[in-house]
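Below: one structure, written as structure tokens.
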Amino acid sequence: MAPLIRMTEYRPAPGFVQFERAEISQLLALYAMRVAGGDWRDYAIDLNPDGAAFSVFRHAMERPLYTITKLPTRQRGVTWTVSGSAGRRPLRYCSLGEALAALERTPRLVPS
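Residue numbers for the sequence shown follow the working numbering, beginning at 1 and rising by one.
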């Protein structure tokens with residue numbers, strides 16, 4: 001009988017990046033605060049091998065206002081990026097706390 005070959009030894013393991021419970025609770029706390037202020041109305045979570053993304057929208061049919069992405073890196077483990085709606089280029093590379101602080105300071109609409 002031929003020897004058994006396990007293909008898992010030859011294939012790279014699919015390493016999907018995902019949010020941890022503490023990270024998603026921080027993101028949703030900021031989202032809830034901005035929804036209560038009337039700034040944001042919808043969000044989306046995307047998980048793939050390249051990174052996990054949390055996007056916020058003013059209206060569901062528009063492009064995201066901001067996207068917070070968790071990226072795996074070999075040097076530091078995890079890097080966070082914040083991208084704005086104007087372009088898909090990241091605005092900054094930082095930690096999760098710095099990303100949330102940057103979005104808390106964003107300008108808000110003032111009702112007239």
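Note that CB positions come from ideal geometry on N, CA and C, so glycine has one too.
Keep in mind that this is a model prediction, so the values were computed, not measured.
Asked, Found
"With respect to the alpha helix (DSSP H) encompassing Ala22, which residues constitute its N-terminal and C-terminal limits?", "21-36"
"Quick one: is Arg34 buried, meaning 16 or more other Cβ sit within 10 Å of its Cβ, or exposed?", "buried"
"If you draw a straight line from the C-alpha of Ser83 to the C-alpha of Asp39, how long is it?", "17 Å"
"In three-state DSSP terms, what is Leu96?", "helix"
"Looking only at C-alpha atoms, which of Ala102, Asp42, Gly97 sits nearest to Ala22?", "Gly97"
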